[in-house]
Amino acid sequence: MTSKLQLYSFFMSSCSFRVRIALNLKGLDYEYKAINLFKNEQSHPEYLKMNPIGYVPALVDGDIVLADSFAIILYLEEKHPQHPLLPRDLAKKAINYQVANIVASSIQPLLALPVMNYIGENVGEDAKIQWVYKHAAKGFAAALEILLKDHAGKYATGDEIYLADLFLAPQIISLKERFNFDMSDYPLLSRLCEAYKQVPAIQKALPENQPDFPSTEGKI
Amino acid sequence: MLKGFFSIVFINSTIHMMTNGEKKLQLYSCFISHPSFSVRIALNLKGLDYECKSINVFKGEQSHPEFLKISPMGFVPALLDGDMVLAESSAIILYLDDKYPQHPLLPHDLKKRAINYQAANIISSTIQPTLRIPILAYIRDNVGPDERITWVHKHLGKGFTALEILLKDHAGKYATGDEICLVDVLLAPQIIGTLERYNYDISNYPLLSRLSESYKQVPAIRNALPENQPDFPKEVKGIILIRIY
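So the sequence lines, in the order shown, correspond to chains S and L. Mapping of the first sequence onto my numbering: residues 6 to 225, in sequence order. Mapping of the second sequence onto my numbering: residues 275 to 519, in sequence order.
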């Protein structure tokens, strides 16, 4: 009997959100294991014993433990080919890698907790939102709106959901919902955001639909 | 006016720009950029001839409109391959590996491939973003100039510790076995010259230290070194890199 997949995830983490979408698109059942990043649970000894580098999300597939959303998604893609996440066409595939990298290397790390906490502690709380807007504007607007206009269809690189969408959807939704970022200057990204919200696999992966999303009485 | 994390002072310098004939592959690169270094390694490993188009980041050439059309984020490297225009080093390297299968950069084994993706992303999404000039300039201006080195060392330490742990059960002659793979292509630029550039000693990381020495023996990596690039300042009496420490 094959053991069930386990995903160590935090409801609010956009990296976890990407993997949840991939699992849902491929129809893969998994056990949700919550790791609270605000409480630093990724540094707890039990987690580190299983996943020594302490990153979230992490996927457990039998005796394989894998962290990093990009690595997990490509692993799932190669092992479970249903609902392919990469186009066959080499050029389209490369654009998907480029978009995923822009999000994963140039946007998300700058908006993640370690950087935000550093700015909050060393510069000030108000500086955080300035920082977010500056980098979201540069990364999103300048780059992605221009890059994608020659490639987009119903979704970012065509009429199917691919890798680029898995990275874009959490980032756009997080910027809008969490940081109140005004997307009206970015018509293509706004349109994609609305399209993403209609996709069941993405809806199911939303932060508010995760088991560790705090209830109205609870606190984060 | 040069601002930022390095200043280069030339004394009696002449910069030689290599001009090649018409080549199908064109790489926009800066000698000093780690991601550019990674792509140069990949091209060399695959024996791919290319025209090097230098982008001088110290003069802000990455912000010129013509370059932004090619690389919307304004980052080097960027690759032109016929009609294909691509930026982001990881994307370029994976594209090259798909299109030019000689010297494959990913192992056949699924688990080893996954380790390569994971380690490569530790470098490109965890370490490299924290070292970029805009962040260091922000820290210099808002927290203090001396804080930059603290920040850099913290993030190098975090990333190198993760890599040392991740790779220790997989390494052979190179990071994930006896062939040079994706992670080596990203790791080599990150660990060669770390002491000189960031005053960060990797001798606490036995695997990374060993790999660094192995990488320096590889011709494809040596040829990709910053000092062997056409835009590396030549015939200088001295280059003073004003460091962040």
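A virtual CB, placed ideally from N, CA and C, is assigned to each residue, including glycine. Owing to the predicted nature of the structure, the values given are computational and were not obtained by experimental measurement.
DSSP places ASP66(S) in the uninterrupted beta strand (DSSP E) bounded by 63-66. For LEU460(L), the closest of SER303(L), GLN300(L) and SER310(L) by C-alpha to C-alpha distance is SER310(L).
In the three-state reduction of the DSSP assignment, ILE69(S) falls in the strand class, which pools E and B.
Inclusion of LEU152(S) and VAL104(S) in the CB contact set at 8 Å is warranted, their separation being smaller than that value. Across the structure, SER345(L) and ALA361(L) are spaced so that their CA atoms are roughly 5 Å apart.
Fewer than three beta-carbon pairs drawn from the region 329-336 of chain L and the region 370-386 of chain L are found closer than 8 Å, and the two stretches are therefore not classed as touching.
In the DSSP assignment, no residue is bridged to MET55(S). Identification of chain S residues near GLU362(L) by a Cβ-Cβ cut-off of 9 Å yields TYR102, GLN103, VAL104, ALA105, ASN106, ILE107, SER110 and SER111, ordered along the chain.
In the three-state scheme derived from DSSP, where H, G and I count as helix and E and B as strand, VAL426(L) is classed as helix.
The residue from PRO351(L), THR400(L) and ALA494(L) with its alpha-carbon nearest to that of HIS429(L) is THR400(L). Taking C-beta atoms under 8 Å as the contact rule, ALA206(S) and ILE26(S) qualify, at a distance of about 6 Å. By the CB criterion at 8 Å, ALA352(L) and VAL457(L) fall outside the cutoff. The three-state reading of DSSP puts ALA161(S) in coil, since its state is none of H, G, I, E or B.
Considering only LYS442(L), ARG422(L) and SER328(L), the residue with the shortest C-alpha distance to ARG471(L) is ARG422(L).
Those residues of the region 341-357 of chain L placed with their C-beta closer than 7 Å to a C-beta in chain S are PRO346 and MET347, ordered along the chain. TYR13(S): member of the beta strand (DSSP E) spanning 10-14, first to last residue. One Cα belongs to PHE218(S), the other to GLU51(S), and the distance between them is close to 22 Å. A direct Cα-Cα distance of roughly 34 Å separates ILE166(S) from ALA462(L). CA-CA distance, LEU301(L) to ASP323(L), rounds to 10 Å. Taking 8 Å as the cut-off, the beta carbon of ALA210(S) is found closer than this to the beta carbon of PHE22(S). Counting C-beta pairs closer than 8 Å gives three or more between the region 29-47 of chain S and the region 12-21 of chain S, which meets the contact rule. The beta carbon of HIS444(L) sits closer than 6 Å to those of ILE389 and THR450, all from its chain and outside the five residues before and after it, given in chain order.
Around LEU71(S), the beta-carbon contacts reaching into chain L at under 7 Å are ALA388 and GLN392. Under the three-state reduction of DSSP output, MET358(L) falls in the strand class. With fewer than 16 other Cβ atoms from the protein chains shown falling within 10 Å of its own Cβ, GLU340(L) counts as exposed. Collapsing the DSSP output to three states places LYS327(L) in a strand. For LYS97(S), no chain L residue has a Cβ inside 8 Å of its Cβ, as the nearest lies near 11 Å away.
At a Cβ-Cβ threshold of 8 Å, PHE305(L) and PHE434(L) do not count as neighbours. Around the C-beta of LYS327(L), 16 or more other C-beta atoms lie within 10 Å, and the residue is accordingly described as buried.
Under the three-state reduction of DSSP output, LYS38(S) falls in the strand class. Straight across, the Cα-Cα distance linking GLY418(L) with SER363(L) is about 31 Å.
In this structure, GLN215(S) keeps its C-beta atom at 8 Å or more from the C-beta atom of GLN113(S). Closest by C-alpha distance to LEU33(S), out of ASN185(S), GLY59(S), ILE78(S) and ASN127(S), is ILE78(S). Excluding five sequence positions before and after LYS133(S), the CB atoms of its chain that fall closer than 6 Å to its own CB belong to MET121, ILE124 and GLY125, given in chain order. Around the C-beta of PRO500(L), 16 or more other C-beta atoms lie within 10 Å, and the residue is accordingly described as buried. Below the 7 Å Cβ cutoff, chain S contributes ALA109, SER110 and PRO114 as neighbours of SER399(L), in chain order.
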